[in-house]
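K.L.:
I'd like to ask some things about the structure below.
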Amino acid sequence: MGANSFGHLFRITTFGESHGTALGAIIDGCPAGVNFDEDLLRRELARRRPGFWEGEASAPVSARQEADLPEVLSGVFEGRTLGTPIAIQVRNQDARSQDYAALKDNPRAGHADDTWAVKFGHRDHRGGGRSSGRETVARVMGGAVAKMLLQQIAPALRIRAYAEALGPHRLTDSEKLAFLKGTDAADRYAVRFPSPRAPTVVEDLKRIQAAHDSWGGIAEIVIQGAPAGLGQPVFHKLKSDLAMAMMSVGATSGFELGEGLHDAAQTGKSFHQDAASANYGGIRGGISTGDEIRFRVHFKPTSSILDVAKQGRHDPCIVIRALPVLESMTALVLADHALWSRLDRP
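Just so we're aligned: the sequence shown equals residues 0 to 345 in numbering that gives the first Met the number 0.
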């Protein structure tokens, strides 16, 4: 198993299992002298934890409560990066491995239990091991460092992720427009669904959870203020690396850039009438145009719903907590390409 690293110049390697001692990330390629904001790191990790949004006390999420207090082990001195590998970890403190004893011989439907067993033979069944969503805490560590770098080299850039659809509930075009015109983060809304209908979504999701069922959904990520010229044709176009980054997150099932699946229904004259059209999603020829970049990530319903998994602790809709992870993966791609683009000209 050697596929635990991501990136080219700005690169992370993640480690750890859901119920192991700790999980962490080693970030290599971050230039020296970047201001290391520990408050930002802690805030990003907190955003990934269950319930870090408006109305969190009543939100239906996993009951597992990890403090996720980061330990910075290397690569930072006197508040700035050294240009050497940055190692960060958090310790697991709320794992209840006994709840997952049945999974050793009874794989969950729709999960990675059986495929990992076939591939590796020996696996950690506790909480899904490394295939668990818990693994994403390490991605958020790397993403936080990427955001620190981006704050210095592209200060106008902002990454905004929100739930466009949760189960049968979907934002209207006017709701999306109102949200994106404002400055609020999706965290200000119940279940990160920026709509007055969010409380209704919460109640419906509670009923789904009580019935031991789950929802899928769609996340939309909008990058505002991205510089033009990011992307490395032909095999590392910006859209290619964004798609790979998003689809590496557990439970994802689709990626759409710009208008995505609606493109096929348009005529060429309609689609290409404006070079700055949102149809392109801010990327043409695999290179950022300087316009707003927009893409969607689709998620399947949470798989841990059947009898064999009921003792474990799970989210009835993973989209809500995945949003900070998608932001982190986006930041990693952008930081990597921002450094890479500096090599394109003498």
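C-beta: ideal position from N, C-alpha, C; glycine also.
The model shown is predicted, which means the values in this text are computed figures rather than measured ones.
(1) At least one CB of chain D closer than 8 Å to the CB of L204: is that the case?
(2) Have a look at G249, H235 and T266 and flag the residue whose alpha-carbon is nearest the alpha-carbon of G284.
(3) Could you spell out the range, first to last residue, of the alpha helix (DSSP H) harbouring V221?
(4) Scan the region 167-229 and note each continuous beta strand (DSSP E) run of 3 residues or more that stays entirely inside, going in chain order.
(5) Skipping 5 residues on each side, what residues in its chain have a beta carbon closer than 6 Å to that of L338?
(6) Is the separation between the beta-carbon of G215 and that of P84 shorter than 8 Å?
(7) Going residue by residue through the region 11-93, where are the continuous alpha helix (DSSP H) segments of at least 4 residues, counting only ones entirely within it?
(8) Give me the Cβ distance between D136 and T80, rounded to the nearest whole Å; I'm assuming they're in contact under 8 Å.
(9) What did DSSP end up calling F234 once you bin it into helix, strand or coil?
(10) Could you check what DSSP says for L8 in three-state terms: helix, strand or coil?
(11) What residue from P154, T20, V144 and D186 has the CA that sits closest to G78's CA?
(12) Around the Cβ of R206, are there at least 16 other Cβ atoms within 10 angstroms (buried) or fewer (exposed)?
(13) Are the Cβ atoms of A111 and G127 separated by less than 8 Å?
(14) With DSSP as the reference, please indicate the residues paired to F298 in a beta bridge.
(15) Between A227 and R344, what straight-line distance do the alpha-carbon atoms span, to the nearest angstrom?
(16) Between L72 and Q92, is the Cβ-Cβ spacing less than 8 Å?
(17) Nearest-angstrom Cα distance between P167 and S213?
(18) Looking at the structure shown, is L333 part of a helix, part of a strand, or coil, going by DSSP?
(19) Taking Cβ positions, are E43 and A160 nearer each other than 8 Å?
(20) Taking C-alpha atoms, which residue in E219, P154, A225 and Q231 lies nearest to A321?
(21) Identify, in the order they occur along the chain, each residue of the same chain with its Cβ nearer than 6 Å to the Cβ of Q150, setting aside the five sequence neighbours on each side.
(22) In terms of residue numbering, what span does the beta strand (DSSP E) encompassing I158 cover?
(23) Reducing DSSP to helix, strand and coil, say where S287 ends up.
(24) Using DSSP with H/G/I as helix, E/B as strand and the rest coil, what is R341?
(25) With 16 as the cutoff for other CB atoms within 10 Å, does F294 come out buried or exposed?
(26) How about A277 and G257: do their beta carbons lie closer than 8 Å?
(27) Quick one: grab the DSSP three-state call for R107.
(28) Could you tell me whether the Cβ atoms of D186 and R46 are closer together than 8 Å?
(29) Are the CB atoms of V318 and L165 nearer to each other than 8 Å?
(30) In terms of residues, what are the limits of the alpha helix (DSSP H) holding Q265?
(31) Indicate whether S287 and L229 have their beta-carbon atoms separated by less than 8 Å.
(32) Is L39 near the ligand PLP - that is, is its Cβ less than 7 Å away from at least one heavy atom of it?
(33) With 16 as the cutoff for other CB atoms within 10 Å, does F119 come out buried or exposed?
(34) For I152, report the span of its alpha helix (DSSP H) as first-last.
(35) Could you check what DSSP says for I319 in three-state terms: helix, strand or coil?
(36) Tell me where the alpha helix (DSSP H) around D113 begins and ends.
P.N.:
According to the structure shown:
(1) Looking for chain D here will not work: only one protein chain is present.
(2) As a working mapping, residue 284 is identified with position 285 in the sequence shown. Comparing Cα positions, the closest option is H235.
(3) Translated into positions along the sequence shown, residue 221 becomes position 222. Here V221 belongs to no alpha helix (DSSP H); instead the beta strand (DSSP E) covers G216 to Q223.
(4) 216-223
(5) Position 339 of the sequence shown, counted from the first residue, corresponds to residue 338. Once the five neighbours on either side are set aside, the close Cβ partners of L338 are L8 and F9.
(6) Taking the first residue of the sequence shown as position 1, residue 215 is located at position 216. Taking the first residue of the sequence shown as position 1, residue 84 is located at position 85. Cβ atoms of G215 and P84: not closer than 8 Å.
(7) Contiguous alpha helix (DSSP H) elements confined to the region 11-93 occur at 37-47, taking only those with 4 or more residues.
(8) Within the sequence shown, residue 136 is the residue found at index 137, counting from 1. Within the sequence shown, residue 80 is the residue found at index 81, counting from 1. The amino acid occupying residue 136 in the given sequence is Val; Asp does not appear at that position. Contact doesn't hold; Cβ gap of about 21 Å is too wide.
(9) As a position in the sequence shown, residue 234 is number 235, starting the count at 1. The answer is coil: DSSP assigns F234 none of H, G, I, E or B.
(10) Residue numbering aside, residue 8 sits at position 9 when the sequence shown is read from its first letter. Three-state DSSP puts L8 in coil, outside helix and strand.
(11) On the sequence shown, position 79 is the one that residue 78 refers to. Of P154, T20, V144 and D186, the residue nearest in Cα terms is V144.
(12) Locating residue 206 in the sequence shown gives position 207, where the first residue counts as 1. Burial call: exposed.
(13) Here residue 111 refers to the residue found at position 112 of the sequence shown. Here residue 127 refers to the residue found at position 128 of the sequence shown. Result yes, Cβ atoms of A111 and G127 sit closer than 8 Å.
(14) Residue mapping note: residue 298 aligns to position 299 of the sequence shown, counting from 1. For F298, which the question treats as bridged, DSSP gives the partners G216 and T251.
(15) In the sequence shown, residue 227 corresponds to position 228, counting from 1. In the sequence shown, residue 344 corresponds to position 345, counting from 1. Looking at the two C-alpha atoms, the distance is approximately 14 Å.
(16) As a first step, residue 72 is located in the sequence shown; it is residue number 73 there, counting from the start. As a first step, residue 92 is located in the sequence shown; it is residue number 93 there, counting from the start. Going by C-beta atoms, L72 is not nearer than 8 Å to Q92.
(17) Taking the first residue of the sequence shown as position 1, residue 167 is located at position 168. Taking the first residue of the sequence shown as position 1, residue 213 is located at position 214. In a straight line, the C-alpha of P167 is about 12 Å away from that of S213.
(18) Residue mapping note: residue 333 aligns to position 334 of the sequence shown, counting from 1. DSSP, reduced to helix, strand and coil, places L333 within a helical segment of the structure shown.
(19) Indexing the sequence shown from 1 puts residue 43 at position 44. Indexing the sequence shown from 1 puts residue 160 at position 161. Not in contact: E43 and A160 (Cβ atoms no closer than 8 Å).
(20) Position 322 of the sequence shown, counted from the start, is the residue given in the question as residue 321. Answer by Cα proximity: E219.
(21) Here residue 150 corresponds to residue number 151 of the sequence shown, with the count starting at 1. Counting only Cβ-Cβ distances below 6 Å, and skipping sequence neighbours, we find nothing.
(22) Here the question's residue 158 lines up with position 159 in the sequence shown. Counting along the chain, the beta strand (DSSP E) containing I158 begins and ends at R157 to L165.
(23) Translated into the one-based positions of the sequence shown, residue 287 becomes position 288. Note: S287 maps to strand in three-state DSSP.
(24) Numbered from its first residue, the sequence shown carries residue 341 at position 342. Of the three classes helix, strand and coil, the one that applies to R341 here is coil, per DSSP.
(25) The count along the sequence shown starts at 1 and reaches residue 294 at position 295. Label assigned to F294: buried.
(26) As a working mapping, residue 277 is identified with position 278 in the sequence shown. As a working mapping, residue 257 is identified with position 258 in the sequence shown. Their beta carbons are under 8 Å apart, which means A277 touches G257 by this criterion.
(27) Counting from one through the sequence shown, the residue named residue 107 turns up at place 108. The answer is coil: DSSP assigns R107 none of H, G, I, E or B.
(28) One-based indexing of the sequence shown puts residue 186 at position 187. One-based indexing of the sequence shown puts residue 46 at position 47. For D186 and R46, yes; Cβs fall inside 8 Å.
(29) Residue 318 sits at position 319 when you count from the first residue of the sequence shown. Residue 165 sits at position 166 when you count from the first residue of the sequence shown. Yes, the pair counts as a contact, with Cβ atoms nearer than the cut-off.
(30) One-based indexing of the sequence shown puts residue 265 at position 266. That residue, Q265, is in no alpha helix (DSSP H); it is neither H nor E in DSSP.
(31) In the sequence shown, the residue the question calls residue 287 occupies position 288. In the sequence shown, the residue the question calls residue 229 occupies position 230. Cβ atoms of S287 and L229: closer than 8 Å.
(32) With respect to the ligand PLP, the structure offers nothing, as it holds no ligand at all.
(33) The count along the sequence shown starts at 1 and reaches residue 119 at position 120. Classification of F119: exposed, given that the 10 Å Cβ count is below 16.
(34) Numbered from 1 along the sequence shown, position 153 holds the residue referred to as residue 152. Counted as a single uninterrupted DSSP element, the alpha helix (DSSP H) harbouring I152 occupies residues T135 to I152.
(35) Translated into the one-based positions of the sequence shown, residue 319 becomes position 320. Three-state result, I319: helix.
(36) Locating residue 113 in the sequence shown gives position 114, counting from the first residue. D113 -> alpha helix (DSSP H) spans D112 to F119.
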